[in-house]
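Our numbering numbers the first residue of the sequence shown as 514 and each following residue consecutively.
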Amino acid sequence: DRYPNGQFRHIARAAIDGATLNAEAQAQATEASLGLSLNDRRNVQRNLSLLGFNPRGIDGIFGAGSRAAIQAWQGANGYEANGYFTAQQLRALNDAAKRRAAELAAEAEARKAEEERRDTQYWRDTGRGASETGLRAYLDRYPDGLFADIAEARLAEIEAAKRAQAEAAERAVWDEVRVKD
514 DRYPNGQFRH IARAAIDGAT LNAEAQAQAT EASLGLSLND RRNVQRNLSL
564 LGFNPRGIDG IFGAGSRAAI QAWQGANGYE ANGYFTAQQL RALNDAAKRR
614 AAELAAEAEA RKAEEERRDT QYWRDTGRGA SETGLRAYLD RYPDGLFADI
664 AEARLAEIEA AKRAQAEAAE RAVWDEVRVK D
C-alpha cells in the first residue's frame, strides 16, 4: 500500500496472493476433515435454504450456488465468509435451522388452528347443516372442511327425500291418469 509502484511490488503481490491461496486451501482442508457425506451435504443445503440462503439446489454437491449461500450465511452470522464450514459453524447452522423449523411448525399449527376456528364458526353461522342452503354454502367454502362429511351425508339424505317425493308425485299423477283412462 505504501509503495504501489515500488521495485518489490511484484514480490509483495505474489506473497499476498499465496497467503490467500493458503487460507483457502486451509479452509478446504478444515471442511474436508469434517467428513461430510452426501446426505450430510444435502442437510446443510436444506438448512441453508430453510434459513433463507439459497444454495440453488439440494443435491449434496457443494457447487458455486452452495458456496455462495455458505458465504452469505457466514457473513450474516459474523464468521469469515470463505465458503467453507468449520465444525463450530456447522453446529451453529444446524442449531439455527432447528430453531427456524420449530418456528415454522408453530406458525403452521397456529394457522391450522385459526382455519379450524373459522371453519367451525362458519358451520355455526350456516345453521349447522339445518338447511340445504346452509349445507351447500358450507361445502362451497370448505369442501374439505371439518364438517364436510356431515354436510355431504345430510345433503345426500335431503336429495334422497326429494327423489322419493318426486317419484311419489309421479306415481300419483300416473295413478290418476290410469283411473281417468
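Cβ coordinates follow ideal geometry from the N, Cα and C atoms, glycine included.
Local conformation of residue i per DSSP, three classes
i	result
residue 670	helix
residue 658	coil
residue 588	helix
residue 579	helix
residue 539	helix
residue 694	coil
residue 526	helix
Residue i - containing alpha helix (DSSP H), residue span
i	result
residue 516	That residue, residue 516, is in no alpha helix (DSSP H); it is neither H nor E in DSSP.
residue 593	Note, residue 593: premise wrong, no alpha helix (DSSP H); not H, not E.
residue 649	645 to 654
residue 572	Where residue 572 is concerned, there is no enclosing alpha helix (DSSP H), given that its DSSP letter is neither H nor E.
residue 638	600 to 638
residue 555	551 to 563
CB-CB length for residue i against residue j, believed under 8 Å
i	j	result
residue 585	residue 566	5 Å
residue 640	residue 647	4 Å
residue 629	residue 671	Between residue 671 and residue 629 the Cβ distance is about 26 Å, and since that is not below 8 Å, they are no contact.
Top-ranked residue by Cα proximity to residue i, from the options
i	options	result
residue 612	574, 581 and 564	564
residue 588	670, 561, 576 and 625	561
residue 574	593, 554, 595 and 692	554
residue 605	616, 578, 520 and 592	592
residue 583	598, 570 and 572	598
residue 542	529, 600 and 517	600
residue 662	677, 692, 673 and 642	642
residue 634	660, 617 and 620	660
Residue i: CB within 8 Å of a non-hydrogen atom of the ligand SAH
i	result
residue 614	Only the bare structure without any ligand can be found here, which leaves the ligand SAH out of the picture.
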